[in-house]
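The listed protein sequences derive, respectively, from chains Y and L.
Letter by letter, the first sequence follows residues 172 to 757 in the numbering used here.
Letter by letter, the second sequence follows residues 812 to 970 in the numbering used here.
Here the structure comes first, spelled out in structure tokens, and everything after it is commentary.
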Amino acid sequence: MKENIEIKVGYASCGIAAGAAEIYGALKREIKENNYRVSPKKVGCVGMCHKEPLMELELPDGTRFTYGNLEEDDVSKILVNHIHKNRSYGDKLIPGKSDYDYFTKQKKVVLRNSGVIDPEEIDEYLERDGYTALEEALEVDGSEIIQLIKDSKLRGRGGAGFPTGVKWSFARASDSDQKYLICNADEGDPGAFMDRSLIEGDPHALLEGMIIAAHAIGADKGYIYCRAEYPLALERLNIAIGQARSEGFLGEDILGSGFSFDIEISKGAGAFVCGEETALMNSIEGERGMPSPRPPYPAQKGLFGQPTNINNVETLANVPWIVRNGAEEYREIGTENSGGTKVFALAGKIERGGLVEVPIGTSLEEIIFDIGNGIEGDKDFKAVQLGGPSGGCLPESQLDTPVDYETLTDAGAIMGSGGMIVMGEDDCMVDVAKYFLDFTQEESCGKCTFCRVGTKRMLEILERITDGEGEREDLEKLRQLAPKIERNSLCGLGQTAPNPVLTTLRYFEDEYLEHIENDSCPAGVCRHLITYKITDGCIGCTTCSEECPVDAIEGEKGSRHVIDQEECIKCGTCMEVCPVDAVEVV
Amino acid sequence: MVTKNVNIKDIDEELKDYPRERKSLIPILQKVQSDHGYLPRDIMEGIGDYLEIPPSKVYSVATFYAQFRFEPLGEHLVKICHGTACHVKGADIVTDTVGSELGVGMGETTDDGQFTVERVACLGCCSLAPAMMIDDTVYGNLTRDKIKKVLSEYRGEEG
């Protein structure tokens, strides 16, 4: 039996932003001042973002307690209760992994270590069978590994879903003295944080997957192309690479097998299009990150003109599990055409948001309602957005769709890299479509005319509609322009840019028509189409008139206030600050 | 972020850890920006000399990527997240509030040089939406009051 109480603090970027650093600091302070026999540990994302900052306390006898939504003062109370009173601290106690229905429908494969181990300690990874898959893999020929990955039905988790084993076989078949393996960690979709969390929580799983992949295809040099916006992920990758080198898992003659491979980190510089593989390679080479036509495919002529294989973070991090547990076990988790699990970043108007991992084939309804517990604040569900700027919004009628590559594409969305933003009755679908078009037209590299100009034109049409100046013909124009942009763009950015517009038109055309024909935004979002009014309920407290940024509210103290509609900029401040909910949107 | 005086003669010394090859260009630009807060024009010319490529090429790459800037920054960089989750949870309110509190628009720096405000695509802290980042610290679940409080802490710290 252990002697110390062990306390794990969720210490990924989200946790830190929620206050984990203060909690960890308080914990260290309390332990030192009171000489408590407590071992504190920083772990990666536990997945329960809605409970951050949080900690898991494990008594020497193995009993566990999870505490969430912590504030600094709670730390000493938790410690005093457990250490001096031998009881838990009820105020902040939350259900733990084993008894929280948030976790029961999840299946942790790729996130099995995240939130469990200290990602900066290789020993903790080794204790959880880390690098045993590499040892196994190095004993067999690369072709056997490729067959195993083919049998597992692992498909690209970056979104397109290309069978990973098949991709590897192309790179392996290319004859060259120099081959490269690239891990795409340029997670650019707004609303997605799976890869960041994975790297922050379990960086060695990615490295081990990369080394096995490199052995399979015969690459001796690897790059991880990671966003510069992820400083903690970059830091933990650097630490992990250093540790892997000193343990002999990276570098010359790995584990005495004769196979050599090393990894370099390439830091992205903030261009969404660099998530596209040819653009990404141009960026590593020090060029503008613009896509190139394919063929030649990277497997024939990729980075620095050499055969190159590119996989996404989550894809590679699945590989060690598959090698350890076998293709069959992996395949059994998923569906007929697609093995394993998928990680989703569940966010938006959801009651319990976080990082969730589910078997492929789980329905949207199970994810949003059983795991996420539905819409926050007792509002109605309206849509779920998958796949970011390349994806689409699915309505309630599509909630029984299983998450799988083909089914989601048929429904009008895409599996995507895993961003899942839930929207409620207060969200305007035309505004959401406009939001994504604004993003893609901004991020278009400008190479293809239809992507550069077409997305701009679509955005202008959407702006007209949300400004109340749209016409019925605008919808036809959007429908005509969309396939042209799709067909005449070189890369995925342009080819998928119209998707958010097309799916909202498909499922929410009525809402477009409300904007166009009745100058009304039913969700109360589009500023040009709404009016704020102060109702009879006003108590004349003057809060709104004091807070109004443009001094558009007048009224004596104690009497009903009035908004000057000419001056009002529709910012919603009055509605937010009113203590008696006497401001309404009409 | 501190803007140092730039001395071209130091460039070779400053960049000596980077091989003189094309693929060093972006890492070099990142280093220069992290040292100086932005990419001064004369340094970009110096980088061109160092890598033996025309300054126009350096500029062409630098302007492609959103990370690089060509004007000095304020003391604190405020990045307002406009990811999807933040968008539906009130990124516009954050933008309005920061803008009216500091009296600047997106991409601008306050007159006293304390704050530069930027709009960014996604900070990847979607569960804490709406969020913003000041220097290296992320602030989540923002409300008008919380934003005012955070900004006043930064102002107080300086003043």
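Glycine included, every Cβ here is placed at the ideal spot set by N, Cα and C.
As the structure is a prediction and not an experimental result, all values here were calculated from the model.
Query: Chain L contact for residue 317 of chain Y (CB, 7 Å cutoff); Result: no
Query: Backbone CA spacing between residue 387 of chain Y and residue 670 of chain Y [nearest angstrom]; Result: 36 Å
Query: Same chain, Cβ closer than 6 Å to residue 233 of chain Y, five either side skipped, listed in chain order; Result: none
Query: Chain Y contacts made by the region 863 to 885 of chain L, where a contact means CB separation under 7 Å; Result: 871, 872, 875, 876, 877, 878, 879
Query: Residue 930 of chain L at chain Y interface by Cβ criterion, 7 Å; Result: no
Query: Inter-stretch contact (C-beta, 8 Å, three-pair minimum) for the region 344 to 356 of chain Y and the region 476 to 493 of chain Y; Result: yes
Query: Three CB pairs or more closer than 8 Å across the region 533 to 550 of chain Y and the region 606 to 622 of chain Y; Result: no
Query: Chain Y contact for residue 895 of chain L (CB, 7 Å cutoff); Result: yes
Query: Every unbroken alpha helix (DSSP H) within the region 395 to 446 of chain Y, with a cutoff of 4 residues, ordered by chain; Result: 402 to 417
Query: Local conformation of residue 669 of chain Y per DSSP, three classes; Result: coil
Query: Those residues which DSSP pairs with residue 926 of chain L across a bridge; Result: L:887
Query: Reference residue 742 of chain Y; option with closest CA among Y:635, Y:727, Y:235, Y:715; Result: Y:715
Query: Within 8 Å of chain L by C-beta, residues of the region 348 to 370 of chain Y in sequence order; Result: 358, 359, 360, 361, 362, 363, 364, 367
Query: Chain A contacts from the region 905 to 932 of chain L (Cβ-Cβ distance under 7 Å); Result: Within the model displayed, chain A is absent; protein chains Y and L are what it includes.
Query: CB contact below 7 Å: residue 831 of chain L versus chain Y; Result: no
Query: CB of residue 656 of chain Y within 7 Å of CB of residue 668 of chain Y, strictly; Result: yes
Query: Any non-hydrogen atom of the ligand SAH closer than 6 Å to residue 872 of chain L Cβ; Result: Ligands in the displayed structure: none, and consequently the ligand SAH is not present.
Query: Beta-carbon neighbours of residue 834 of chain L, restricted to chain Y and to distances below 7 Å; Result: 455, 456, 457
Query: Neighbour list for residue 467 of chain Y in chain L, Cβ cutoff strictly below 7 Å; Result: Ordered by position in chain L, no residue passes the 7 Å Cβ test against residue 467 of chain Y, which lies about 20 Å from the chain.
Query: Residue closest to residue 569 of chain Y, alpha-carbon to alpha-carbon, out of Y:690, Y:534, Y:458; Result: Y:534
Query: For residue 689 of chain Y and residue 815 of chain L, the rounded distance between their alpha carbons; Result: With a pLDDT of 48 at residue 815 of chain L, under the threshold of 50, the modelled position of that residue is not reliable, and no figure is offered here.
Query: Residue 588 of chain Y beta carbon less than 7 Å from that of residue 329 of chain Y; Result: yes
Query: Contact under 7 Å by Cβ, residue 889 of chain L with residue 926 of chain L; Result: yes
Query: Limits of the unbroken beta strand (DSSP E) element including residue 454 of chain Y; Result: From DSSP, residue 454 of chain Y is part of no beta strand (DSSP E) but of the alpha helix (DSSP H) over 448 to 455.
Query: First and last residue of the uninterrupted alpha helix (DSSP H) at residue 844 of chain L; Result: 836 to 847
Query: Reduced DSSP secondary structure (H/G/I, E/B, other) of residue 364 of chain Y; Result: coil
Query: Sequence ranges, beta strand (DSSP E) only - wholly within the region 549 to 590 of chain Y, length at least 3; Result: 552 to 557, 563 to 566
Query: Collapsed DSSP secondary structure at residue 862 of chain L in the structure displayed; Result: helix
Query: For residue 530 of chain Y, three-class secondary structure by DSSP; Result: strand
Query: Residue 231 of chain Y classed as buried or exposed, judged by whether at least 16 other C-beta atoms fall within 10 angstroms; Result: exposed
Query: Same chain only: Cβ atoms within 7 Å of residue 243 of chain Y, ignoring 5 sequence neighbours per side; Result: 193, 194, 197
Query: Buried or exposed by the 16-neighbour rule on C-beta atoms within 10 Å, applied to residue 441 of chain Y; Result: buried
Query: Short CB-CB distance (under 7 Å) between residue 598 of chain Y and chain L; Result: yes
Query: Delimiting residues of the alpha helix (DSSP H) encompassing residue 906 of chain L; Result: 902 to 913
Query: Contiguous beta strand (DSSP E) assignments of at least 3 residues, all confined to the region 253 to 294 of chain Y; Result: none
Query: Opening and closing residue of the alpha helix (DSSP H) in which residue 186 of chain Y lies; Result: 184 to 189
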